[in-house]
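First the structure, in the form of structure tokens, and then the observations on it.
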Amino acid sequence: MASEKVWLMEQHKSGFVNIIGRPNVGKSTLMNALVGERMSIITAKPQTTRHRITGILSGEDFQMVFSDTPGIIESPAYKMQEAMNRFVNSAFEDADILLFVTGVEEQYDENDPVIAQLKKLSMPRFLVLNKTDLATPERILELLKWWSERVPFDECIPASALKKRNTEELMQTLRKYLPEGPAYYPKDQLTDRPERFFVAEIIREKILELYQQEIPYSVEVAIEAFVETKTKEGKPLVRIQAQIYVARQSQKIILLGRQGSAIKRMGTSARKSLEAWLEKKVFLELHVKVRENWRDDELQLKRFGYE
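What follows is the structure, encoded as structure tokens:
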């Protein structure tokens, strides 16, 4: 029996699978599809993901630790965006397997810096050509050929994360490349992020969905209180107090709306999503504060986790 356990340990595979690519190519949708859980928020707006977000998928004989990253920003306008690019650069360095995601609508130049970066890597590199449901078979083959001629990818896989096409094939192929090793996390753990992080992300997701122009890109959400209690009827209740930071007074006025109508609508939508995610009744209290130029304030950025 002991020898059988040793044999099983030797057969166990584990590794870090980092996902990189430009904004809005479907990296978050892909990780959610692979993990089978909603780890990253998803909106139609670019630069939705701001942090590295871990999603853990475990089986009896394997564990994959996925890392969703912000989109590569070619010309950062703020220190916040510089920090987001640092998250991407670290993903190039600490992966066991790298997934480079590009969409069928994306165009790259021969001299794009990411091509040179991909060529230098020694770990297994996968090209995931995403959104293939939006292209003809001829266009898909053309793009696969273009990329395979420029970067020596170990695997080139056309997929549609949204439609979950080829995601199972991608998963099985990833397992073949995982190095042998023990599990890094308990098998029932899904992420290394605390609940508060995802609560803030869900609120920010609703801001991205419901507001236009510069507002979604000028806000940060911080959870000030997260208290689990019970209703009068004895049912689980979570009381959440969130602070929404904006860069200018004019943005606060837009965020609040006339007589608070806009933030009330957003808060209701966020509360419903939080209740579905937490599977508990939620009391959500929102406040808005102005922190001028917070996206260039290193102290504020550190507080918000952009380190």
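Going by the numbering used here, the residue at position 223 of the sequence shown is 250; the numbering climbs one at a time, nothing skipped.
Positions of the beta carbon are idealized from the N, C-alpha and C atoms, including for glycine.
Selection from the options that minimises the alpha carbon distance to residue i
i           : options               : result
residue 269 : 253, 167, 299 and 303 : 253
residue 276 : 290, 40 and 315       : 315
residue 46  : 102, 255, 61 and 39   : 61
residue 235 : 97, 302, 70 and 125   : 70
residue 91  : 333, 187, 197 and 110 : 197
residue 98  : 89, 111 and 88        : 111
residue 302 : 313, 190 and 263      : 263
residue 53  : 84, 95 and 41         : 95
residue 169 : 225, 117, 133 and 102 : 133
residue 305 : 135, 164, 229 and 200 : 229
residue 41  : 149, 320, 102 and 203 : 203
residue 125 : 135, 325 and 148      : 148
residue 135 : 221, 201, 260 and 101 : 101
residue 238 : 284, 200, 334 and 164 : 284
Cβ pair residue i, residue j closer than 8 Å
i           : j           : result
residue 82  : residue 66  : yes
residue 273 : residue 296 : no
residue 68  : residue 231 : yes
residue 44  : residue 143 : no
residue 242 : residue 286 : no
residue 89  : residue 39  : yes
residue 258 : residue 308 : yes
residue 233 : residue 187 : no
Close beta carbons around residue i, own chain, < 8 Å, minus the five adjacent residues each side
i           : result
residue 227 : 248, 249, 250 and 269
residue 86  : none
residue 171 : 154, 156, 183 and 185
residue 214 : 85 and 90
residue 117 : 79
Rounded distance between the beta-carbons of residue j and residue i, thought under 8 Å
i           : j           : result
residue 162 : residue 128 : No, residue 162 and residue 128 are not in contact; Cβ-Cβ is about 15 Å, not under 8 Å.
residue 271 : residue 282 : 7 Å
residue 167 : residue 140 : Not a contact, Cβ separation roughly 25 Å.
residue 115 : residue 152 : Contact flag wrong, Cβ pair sits at about 15 Å.
residue 180 : residue 174 : 7 Å
residue 217 : residue 64  : 6 Å
Own chain, CB closer than 6 Å to residue i, minus 5 neighbours either side, in chain order
i           : result
residue 51  : 73
residue 28  : Only weak support is given to the placement of residue 28: the predicted model assigns it a pLDDT of 45, under 50, and the value that follows is read from those uncertain coordinates. The answer is none, since no qualifying residue turns up.
residue 323 : 105 and 106
residue 137 : none
residue 298 : 309 and 311
residue 219 : 81
residue 255 : 265
Heavy atom of the ligand FAD within 7 Å of residue i beta-carbon
i           : result
residue 297 : Judged by which ligands are present, the structure shown has none, so any question about the ligand FAD falls away.
Own chain residues within Cβ distance below 7 Å of residue i, not counting five before or after
i           : result
residue 328 : 106, 107 and 110
residue 145 : 127, 152 and 178
residue 332 : 78
residue 150 : 122, 123, 124 and 125
residue 321 : 247, 272, 274 and 327
Q. Does the stretch 152-162 come close enough to the stretch 75-94 that 3 or more CB-CB pairs lie under 8 Å?
A. no
Q: Say whether the stretch 52-63 touches the stretch 100-108, bearing in mind that this needs 3 or more beta-carbon pairs closer than 8 Å, one atom from each stretch.
A: As far as the Cβ criterion goes, the stretch 52-63 does not touch the stretch 100-108, which means the pair count is below three.
Q. When the Cβ atoms of the stretch 203-211 are set against those of the stretch 284-298, are three or more pairs found closer than 8 Å?
A. Not touching, per the Cβ criterion.
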